[in-house]
Amino acid sequence: MKLPLQGHPRRGQTLIYLLMICVILALVVLWNFDLQKIIAVKLRTQSAGDAAAVAAARWQGITLNLIGTLNVLQAVAIHDGLSRGQTSFPEAELIADLEARLCYVGPMTALAASQLAAKNNGAYNNSDFSQLLAQHGAKVIQEYPIDFPDQPYTNFPSPPTAWDNYGSMLQVLAAQGIAALPDNMQFYVDYRGQHLLLNPSFYDAIASADWCWFYHNAYSTLQTYHSWRDWDPLPIIREPRPINSEIFSLGLTRVAQLDDLRMVGGGNAQTVLRLLEQYAGRPLTSEVAHVTAQWYAYDPSRWRPWTTLIPQDFPFRGTVRPEYDYVGADAAVRLETWTDRATPGAGRRWVTWTAAAKPFGYLEGPVRPNRYGLVLPAFKETRLIPVDTATGLGGGTRPGWTTHVREHLPEYMSQGLAALQPGCWYCEQLRVWEDASFRQTGLDWLEQYSDRCHITGGPGRGGGHGGTRRGH
Ligand SMILES: [Zn+2]
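Heads up, the sequence shown is in our numbering, so the first residue is 15 and it goes up one at a time.
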């Protein structure tokens, strides 16, 4: 808008006009004070979240490069041992031990760096986040030695065990305060898979009495459900032999021989040996490929094509270049904060922000870093990625979802309604769901109007996946 500010006649009228505008603007500003405050908090939260995600992903990339370099050094150590006629390779074992430790120390450094980045950008510690990680650290120290006796590496002397190391790193970081919670944690014992209770859309459908959602996604459950005892058990997945951190995992695995590497797109141990020679800057005997060692490799279940993770109708600008088409190691973080509103009775306004970033790089070609299976120093930069294209749990950024799934649901499954937590939005929806008259209303409505339930949107929707995983 162009204001009549200078050099025109009818000054008096203009002045009155300007005054009026000023008064109106002042009122608007006053009325919008809350909005301004919310916007300021929101902007600060966003930049802090972005900085935290980038810092974490950067350390994931640095750690992968370190592990890649150690793989090269291990090849050199085995080559040298062979040329001396050795049959065992203690130097190579020491290098592999360092790699095993880096799989935890690297991601924990990423966690520390992301908190620093968040706080440097104006984010505050969130006591819920700190508590969650402190409790998990305690659980690692107390329960993991029993649940996972096969530890990722062995200390001499032991204790402290590998689980003591990992658990206390978590506790130390939690004690310093967590401002940006890792949003794509994958615990070794976790719920994964298809179950209505693990689908956030189920709760949304209850909250909005969206009977058509039930018609398309859970009609038989709506028809046959009687009580919480009817639920199928929650699908639990238990990591058989953990070697990756649960937070900011690098998604690695171990192979005993270069022949065991999985190469999508062809190649064999000798191809990898040629690559190792390039990085080592010296020739390596082909015997290296037949020595049993501990090579750190990309886990194919994690380092699959990125395009398999990107939602079907995701508005991605351009296409993913082939060398960047990997899921790999990514870092998603969540910030939750609130601002008090000045308007009386308006209460608190929650501001949530999630961000994700990932290390990018490629091998000569260019080809994907995981092209030959073996970890090599390939990562060159870190970039923000859309959160919907990051790895994570179904509920994503939604406040309280993780706590509901990990803490409330197991109790509810064993004790029913009495175990539902007051103050949890998801538990409130379950309480509504347990009310037989609520479900009957839906059945009655569907009996009459189910023909109104047309699937809107393109293919791939309404399949029980719950639409967008992370809204902002
Ligand atoms: Zn709950």
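Here a beta-carbon is modelled for each residue, glycine too, at the ideal position from N, C-alpha and C.
Residue range of the alpha helix (DSSP H) that includes Thr235 = For the purposes of this step, residue 235 is taken as the residue at position 221 of the sequence shown. Run containing Thr235: 233-238, per the alpha helix (DSSP H) assignment.
Does the region 167-177 come close enough to the region 224-233 to have 3 or more Cβ pairs within less than 8 Å?
-> The region 167-177, when compared against the region 224-233, does not touch it at the 8 Å Cβ threshold.
Pro254 (DSSP reduced to helix, strand or coil) = The sequence position of residue 254 within the sequence shown is 240, counting from 1. Assignment of Pro254 by DSSP, reduced to helix, strand and coil, places it in the coil class.
For Ser172, does the count of other Cβ atoms within 10 angstroms reach 16, so buried, or fall short, so exposed?
-> Here residue 172 is taken as the residue at index 158 of the sequence shown, counted from 1. Burial call: exposed.
Minimum C-alpha distance to Ala152 - residue among Gly120, Leu187, Ala124, Trp73 | In the sequence shown, counting from the first residue as 1, residue 152 sits at position 138. Closest by alpha carbon: Leu187.
Where the alpha helix (DSSP H) through Thr455 begins and ends = Sequence index remark: in the sequence shown, residue 455 carries index 441 (1-based). Counting along the chain, the unbroken alpha helix (DSSP H) around Thr455 starts and ends at 450-463.
Verify the CB distance criterion: does Glu157 have a CB-CB separation below 9 Å to chain C?
-> Absence of chain C from the displayed structure is noted, only one protein chain being present.
Which residues mark the beginning and the end of the alpha helix (DSSP H) in which Glu291 is found?
-> Numbered from 1 along the sequence shown, position 277 holds the residue referred to as residue 291. Looking at the DSSP string, the run of the alpha helix (DSSP H) that includes Glu291 is 283-294.
9 Å Cβ cutoff met for Gln74 and Ala132 | Along the sequence shown, one-based indexing puts residue 74 at 60. Along the sequence shown, one-based indexing puts residue 132 at 118. Not in contact: Gln74 and Ala132 (Cβ atoms no closer than 9 Å).
Residues that Glu350 bridges to, as DSSP identifies them = Position 336 of the sequence shown, counted from the start, is the residue given in the question as residue 350. DSSP, once it has assigned bridges, lists Thr366 as partnering Glu350.
Can Tyr158 and Gly181 be called in contact, C-beta distance under 9 Å?
-> Counting from 1 along the sequence shown, the entry for residue 158 is found at position 144. Counting from 1 along the sequence shown, the entry for residue 181 is found at position 167. Yes, Cβ-Cβ distance for Tyr158 and Gly181 is below 9 Å.
Coil, strand or helix - Asp164 by DSSP | Walking along the sequence shown from the start, residue 164 turns up at place 150. Asp164: coil per DSSP, three-state reduction.
Among residues of its own chain, excluding the 5 on either side of Met496, which ones have a beta-carbon nearer than 6 Å to its beta-carbon?
-> Lying outside 15 to 486, the shown extent of the chain, residue 496 is not represented and no answer is given.
Span separating the alpha-carbon of Asp402 from that of Leu272 = Residue 402 sits at position 388 when you count from the first residue of the sequence shown. Residue 272 sits at position 258 when you count from the first residue of the sequence shown. Distance between the alpha carbons of Asp402 and Leu272 is about 35 Å.
Under the three-state reduction of DSSP, which class applies to Trp309: helix, strand or coil?
-> The count along the sequence shown starts at 1 and reaches residue 309 at position 295. Reduced to three states, the DSSP call for Trp309 is strand.
Thr417 CB to nearest heavy atom of ligand 1 below 8 Å | The residue you call residue 417 lines up with position 403 of the sequence shown. Correct: Thr417 has its Cβ closer than 8 Å to ligand 1.
Check whether the Cβ atoms of Arg255 and Val203 sit closer than 9 Å, and answer yes or no.
-> The residue labelled residue 255 in the question sits at position 241 within the sequence shown. The residue labelled residue 203 in the question sits at position 189 within the sequence shown. Going by C-beta atoms, Arg255 is not nearer than 9 Å to Val203.
Beta carbon of Glu350 nearer than 9 Å to that of Asn140 = Counting from 1 along the sequence shown, the entry for residue 350 is found at position 336. Counting from 1 along the sequence shown, the entry for residue 140 is found at position 126. Against a cut-off of 9 Å, the Cβ pair of Asn140 and Glu350 comes out as a contact.
Cβ atoms of Asp64 and Asn198: under 9 Å apart, would you say?
-> Counting from one through the sequence shown, the residue named residue 198 turns up at place 184. Counting from one through the sequence shown, the residue named residue 64 turns up at place 50. In this structure, Asn198 sits away from Asp64, with a CB-CB distance that is not shorter than 9 Å.
Inspect the beta-carbon positions of Pro373 and Gly406 and report whether they are closer than 9 Å.
-> Here residue 373 is taken as the residue at index 359 of the sequence shown, counted from 1. Here residue 406 is taken as the residue at index 392 of the sequence shown, counted from 1. Going by C-beta atoms, Pro373 is not nearer than 9 Å to Gly406.
Contact check, Pro249 vs His304, beta carbons under 9 Å = Within the sequence shown, residue 249 is the residue found at index 235, counting from 1. Within the sequence shown, residue 304 is the residue found at index 290, counting from 1. No.
Sorry if obvious, but does the Cβ on Leu146 come closer than 8 Å to a heavy atom of ligand 3?
-> Ligand 3 is absent from the structure shown, which contains only ligand 1.
For the region 103-171, which segments carrying the alpha helix (DSSP H) assignment without a break, of at least 4 residues, lie completely within its bounds, in sequence order?
-> Secondary structure in the region 103-171: the alpha helix (DSSP H) runs of 4 residues or longer, each lying completely within the stretch, are 104-134, 141-161 in chain order.
If you draw a straight line from the C-alpha of Phe201 to the C-alpha of Gln308, how long is it?
-> Start at 1 with the first residue of the sequence shown, and residue 201 comes out as number 187. Start at 1 with the first residue of the sequence shown, and residue 308 comes out as number 294. Computed Cα separation, rounded: 24 Å.
Please classify Met34: is it buried, with 16 or more other beta-carbons within 10 angstroms of its beta-carbon, or exposed?
-> Taking the first residue of the sequence shown as 1, we reach residue 34 at position 20. Around the beta carbon of Met34, fewer than 16 other beta carbons lie within 10 angstroms, which makes this residue exposed.
Nearest-angstrom Cα distance between Leu390 and Gln88?
-> On the sequence shown, position 376 is the one that residue 390 refers to. On the sequence shown, position 74 is the one that residue 88 refers to. Using only the alpha carbons, I get a separation of about 12 Å.
Determine the burial state of Cys36: buried for a count of at least 16 other Cβ atoms within 10 Å of its Cβ, exposed for fewer.
-> Reading the sequence shown from its first residue, position 22 is the one you call residue 36. Burial call: exposed.
Classify Tyr14 as helix, strand or coil using the three-state DSSP reduction.
-> Outside the modelled stretch of the chain, which goes from 15 to 486, sits residue 14, for which no answer is possible.
Evaluate Gly120 with the Cβ neighbour count: other Cβ atoms within 10 Å of its Cβ, from every protein chain shown; 16 or more gives buried, anything less gives exposed.
-> Translated into the one-based positions of the sequence shown, residue 120 becomes position 106. By the Cβ neighbour-count rule, Gly120 is buried, with 16 or more other Cβ atoms within 10 Å of its own.
Name, in chain order, the residues that DSSP records as bridge partners for Arg397.
-> Mapped onto the sequence shown, residue 397 falls at position 383. The bridge partners DSSP lists for Arg397 are Lys372.
Out of curiosity, what's the CA-to-CA distance linking Tyr463 and Ser451?
-> Position 449 of the sequence shown, counted from the start, is the residue given in the question as residue 463. Position 437 of the sequence shown, counted from the start, is the residue given in the question as residue 451. One C-alpha to the other measures close to 18 Å.
beta-carbon Tyr440 near ligand 1 non-hydrogen atom, thresh 8 Å | Numbered from its first residue, the sequence shown carries residue 440 at position 426. Here the distance from the Cβ of Tyr440 to the nearest heavy atom of ligand 1 is below 8 Å.
Considering only the beta carbon of each residue, do Val347 and Leu147 sit closer than 9 Å?
-> Numbered from 1 along the sequence shown, position 333 holds the residue referred to as residue 347. Numbered from 1 along the sequence shown, position 133 holds the residue referred to as residue 147. Judged by their CB atoms, Val347 and Leu147 are not nearer to each other than the 9 Å cut-off.
Same chain, Cβ closer than 6 Å to Ala114, five either side skipped, listed in chain order | Numbered from 1 along the sequence shown, position 100 holds the residue referred to as residue 114. Once the five neighbours on either side are set aside, the close Cβ partners of Ala114 are Pro166, Tyr167.
Whole-angstrom distance between Asp111 and Asp164, CA atom to CA atom = Stepping through the sequence shown from its first residue, residue 164 is reached at position 150. Stepping through the sequence shown from its first residue, residue 111 is reached at position 97. So the alpha carbons of these two residues sit roughly 14 Å apart.
Report the partner residues of Val203 according to the DSSP bridge assignment.
-> Locating residue 203 in the sequence shown gives position 189, counting from the first residue. Bridge partners of Val203: Arg252.
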